[in-house]
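S.K.: First, the structure itself, so that you have it in front of you.
Protein chains: 2
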Amino acid sequence: MVKCVVVGTVAFDSIKTPFGSVEKTLGGSATYASIAASLFSKPGIVSVVGKDFPEEGMKLLQGKGIDTKGIEKAEGKTFSWKGKYGLDINVAKTLQTDLNVLLKFQPKLQGEYKKAEFLLLGNIDPELQLKALEQMKKTKLAIADTMNYWIENKREKVLEVVEKADICLMNDAEARQLFKTPNLVEAAKEILKRNSDLAIIKKGEHGSLLCTELGCFVAPAYPLENVVDPTGCGDSFAGALIGFLAREGKVNEDLMRKAIIYGSVVASFNAEGMALERLKELGTDDINKRFNEFKEIVRF
Amino acid sequence: MVKCVVVGTVAFDSIKTPFGSVEKTLGGSATYASIAASLFSKPGIVSVVGKDFPEEGMKLLQGKGIDTKGIEKAEGKTFSWKGKYGLDINVAKTLQTDLNVLLKFQPKLQGEYKKAEFLLLGNIDPELQLKALEQMKKTKLAIADTMNYWIENKREKVLEVVEKADICLMNDAEARQLFKTPNLVEAAKEILKRNSDLAIIKKGEHGSLLCTELGCFVAPAYPLENVVDPTGCGDSFAGALIGFLAREGKVNEDLMRKAIIYGSVVASFNAEGMALERLKELGTDDINKRFNEFKEIVRF
């Protein structure tokens, strides 16, 4: 039984960082997010791939207990992305994007997927996010991820997502851009005004911020010395967060604080290897050990 | 009896932020730092002012229990700084700097000052910092603050300060610049290699990082919605830190974690008012209340 649904992309990624490079390897927001979610509960993916998508890609996902019924196989080629990172490894430079089958993608949620209580809308066109959200019957928590591209090109639709989803994840630069303020707490208050009980702003290597009407939780990032490849860190964060909450079966501020730390834990591991290298080998012991390290990191 | 010595500038500041402006008001690194330190123990200032420095400035400092014997009154005008902040209030733009009496300043530590166990070398020329440090007889902890200007112009001297002081405070951009790495944990390790047991890197609105050989402590910044004027926040942070440790009379990692939180508490209050407005009115109750809020901010 699928506990959480992840809508997003399944892609071929070509990545170059100062520490390595990979060509046409499995990637995409739904891939990273669902593998991260699978560490806590059973996710199902809603996405599309082309006829060129290899069986081993599906097997990798299924091997993680991920339900792949929702991955449509369409005529054409799989979405592909090519990017590189410089010495300041937090900044990705997109070299090429081939949307391919993504151009005609319309998320269709079927059967048990519609009844899942936890939904993650990965970083895709906000109009598609809204279409997916409408199909859900009984969500306890719908989280949407977004990016600067959509804020620049479909600002009103992103604001509609902020209003209709329970949480719209964005990073600090995106929050500043969307709400036209340099102050993150002010940006978080703008989110709270728009029908949200919780606002989460990701700050990359500086951790993340959770705000409610009552106050803020500031989560550190794990102090990593060796960031090998940050591709998919935002997706891993979101995936672990929804997966953990789906396992708990409910949402409150205390669980959300823990979920954010689990998200940070999984994202930090993800950054330690090229592409899915580290994420796909992660085990519960690794996660629990680093979760406890976070306790020590903030202790005073 | 002076418990900690603060070497730095006493100045006239003219500041403009989107929320207010002040002309020729009391400022300078030693002013902010010693007022912050005075909230915890008795500081003495080593600095220089001109003949134009008003008696009320001295009285303000003395009213805080600060020893001002070490403030030399030289021929000429007091150092003055003029700056403004834009909408992204974390970035100061210097409009004018008149060094005046600072041009010939040579720090002289006399009497009980030489025997103080806690020393803060505010952000001045690293050569002067080294000269002040040499005069101390029994420091348990010498902290030096620095800035990008010195890293660009006197890199070798800044590295000598890193080696000779116990802690050289810098912000994230400065640490990246000094050690030529984008990774802050790597920069912290470079500091630890240079004869330091503790490395502290300030991250402005993202808090700060304390690293030892054994691991890292990540301190959040207080999530402020209304930053009115960040002038002196770095100095207030450093001042509260040295003041708290001087009160405790010893240094270890646990006390340093607490000291960093007290530093963050006092700096966050400082940002809430123009110039010294808020800092000079601060009381122990305000500080303890916000210290406890920090516990809640990082709880998970």
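The listed protein sequences correspond, in order, to chains A and B.
Residue numbers for the first sequence, in my numbering: 1 to 300.
Residue numbers for the second sequence, in my numbering: 1001 to 1300.
Heads up, the beta-carbon is just placed ideally off N, CA and C, and yes, glycines get one too.
Source: prediction; values computed, not measured.
Below 8 Å, can you find three or more Cβ-Cβ pairs linking the segment 1056-1063 of chain B to the segment 1251-1267 of chain B?
M.R.: Too few Cβ pairs lie closer than 8 Å, so no.
S.K.: Taking 8 Å as the CB-CB cut-off, is B:K1016 touching chain A?
M.R.: So no, B:K1016 is outside the interface.
S.K.: Going straight from the alpha carbon of A:T68 to that of A:I15, what length do you get?
M.R.: Computed Cα separation, rounded: 25 Å.
S.K.: In whole angstroms, what separates the C-alpha of B:A1074 from that of B:K1051?
M.R.: Straight-line Cα distance between these residues: approximately 6 Å.
S.K.: Ignore the nearest five residues each way along the sequence and tell me which others in A:K280's own chain have a CB closer than 8 Å to its CB.
M.R.: Cβ neighbours of A:K280 beyond the five flanking positions: I35, L60 and K64.
S.K.: Does chain B have any CB closer than 8 Å to the CB of A:I200?
M.R.: Output row for A:I200: interface = no.
S.K.: Exposed or buried, which one is A:G215 when buried takes at least 16 other CB atoms within 10 Å?
M.R.: Classification of A:G215: exposed, given that the 10 Å Cβ count is below 16.
S.K.: Just the C-alpha distance for A:D286 and A:S41, rounded to the nearest angstrom, thanks.
M.R.: So the alpha carbons of these two residues sit roughly 16 Å apart.
S.K.: Fully enclosed by the segment 1021-1079 of chain B, which alpha helix (DSSP H) runs are 4 residues long or longer?
M.R.: With a minimum length of 4 residues, the continuous alpha helix (DSSP H) runs that stay inside the segment 1021-1079 of chain B are 1029-1038 and 1055-1063.
S.K.: Who are the Cβ neighbours of B:V1251 in its own chain at under 7 Å, not counting the five residues just before and after it?
M.R.: Once the five neighbours on either side are set aside, the close Cβ partners of B:V1251 are K1140, L1141 and L1245.
S.K.: Please confirm whether B:I1261 has its beta-carbon closer than 8 Å to some beta-carbon of chain A.
M.R.: Taking Cβ atoms only, chain A reaches closer than 8 Å to B:I1261, which makes this a yes.
S.K.: Please tell me whether B:A1033 and B:V1006 are closer than 8 Å, where the distance is taken between their beta carbons.
M.R.: Yes, they are a contact pair.
S.K.: Determine the closest residue to A:F237 out of A:P220, A:N226 and A:G249, with distance taken between C-alpha atoms.
M.R.: The residue with the shortest Cα to Cα distance from A:F237 is A:P220.
S.K.: Just to check, is the beta-carbon of A:A267 closer than 7 Å to a non-hydrogen atom of the ligand PLP?
M.R.: Within the structure as shown, the ligand PLP is missing, as the structure has no ligands at all.
S.K.: Which of the three DSSP states is assigned to A:G234 in this structure?
M.R.: In the structure shown, A:G234 sits in a helix (DSSP, three-state: H, G or I).
S.K.: Suppose contacts are defined by Cβ-Cβ distances below 8 Å. Is B:V1266 in contact with B:E1112 by that definition?
M.R.: Not a contact, by the Cβ cut-off of 8 Å.
S.K.: Between the C-alpha atoms of B:K1131 and B:K1157, what's the straight-line distance to the nearest angstrom?
M.R.: Using only the alpha carbons, I get a separation of about 11 Å.
S.K.: I believe B:P1230 touches B:N1123 by the beta-carbon criterion, under 8 Å. Please report the beta-carbon distance rounded to the nearest angstrom.
M.R.: Contact doesn't hold; Cβ gap of about 14 Å is too wide.
S.K.: Does DSSP classify B:T1094 as helix, strand or coil?
M.R.: B:T1094: strand per DSSP, three-state reduction.
S.K.: Taking a contact to mean a Cβ-Cβ separation below 8 Å, would you say A:K114 touches A:K137 in this structure?
M.R.: It is a contact, given that the beta carbons lie within the stated cut-off.
S.K.: Excluding sequence positions up to five away, which residues of its chain have a Cβ less than 8 Å from the Cβ of B:L1099?
M.R.: For B:L1099, where only same-chain residues beyond five positions count, the Cβ hits under 8 Å are F1079.
S.K.: With 8 Å as the threshold, decide whether the Cβ of A:P230 is near any Cβ in chain B.
M.R.: By this cut-off, A:P230 is not an interface position.
S.K.: Could you check whether the Cβ of A:R247 sits closer than 8 Å to any Cβ belonging to chain B?
M.R.: False, the Cβ-Cβ gap to chain B never drops below 8 Å.
S.K.: Whole beta strand (DSSP E) runs in the segment 158-234 of chain A with 3 or more residues, listed along the chain?
M.R.: Fully enclosed beta strand (DSSP E) runs of 3 or longer: 167-171, 199-202, 208-211 and 216-219.
S.K.: Find the residues of chain B that neighbour A:L303, judging by a C-beta separation of less than 7 Å, and give them in chain order.
M.R.: The structure shown does not extend to residue 303 of chain A, since chain A spans only 1 to 300, so no value can be given for it.
S.K.: Can you tell me which of the three DSSP states A:K250 falls into?
M.R.: Here A:K250 sits in coil by DSSP.
S.K.: In chain order, what residues of the same chain lie with their CB nearer than 6 Å to the CB of A:A240, ignoring the 5 residues before and after it?
M.R.: Around A:A240: A36, Y262, G263 and V266.
S.K.: Do B:V1185 and A:E163 come within 8 Å of each other at the CB atom, strictly closer than that value?
M.R.: In this structure, B:V1185 does not lie closer than 8 Å to A:E163 by Cβ.
S.K.: In whole angstroms, give me the CA-to-CA distance for B:L1276 and A:R176.
M.R.: The straight-line gap from Cα to Cα measures roughly 28 Å.
S.K.: Indicate whether at least one CB of chain B lies closer than 8 Å to the CB of A:E160.
M.R.: Chain B, which has no Cβ nearer than 8 Å to the Cβ of A:E160, makes this no.
S.K.: Under 8 Å Cβ-Cβ, which residues of chain A neighbour B:L1209?
M.R.: The answer, in chain order, is P223.
S.K.: Could you check what DSSP says for B:K1084 in three-state terms: helix, strand or coil?
M.R.: Looking at B:K1084 - three-state DSSP - the assignment turns out to be strand.
S.K.: With 8 Å as the threshold, decide whether the Cβ of B:R1278 is near any Cβ in chain A.
M.R.: So no, B:R1278 is outside the interface.
S.K.: The segment 67-88 of chain A: which residues have C-beta closer than 7 Å to a C-beta of chain B, in chain order?
M.R.: So the list reads L87 and D88, given in the order they occur along the chain.
S.K.: Quick check on the burial criterion: 16 or more other C-beta atoms within 10 angstroms. Buried or exposed for B:L1120?
M.R.: Classification of B:L1120: buried, given that the 10 Å Cβ count is 16 or more.
S.K.: Using alpha carbons as the reference points, say which of B:I1143, B:V1218 and B:K1189 lies closest to B:K1295.
M.R.: Of the listed residues, the one whose Cα sits closest to B:K1295 is B:V1218.
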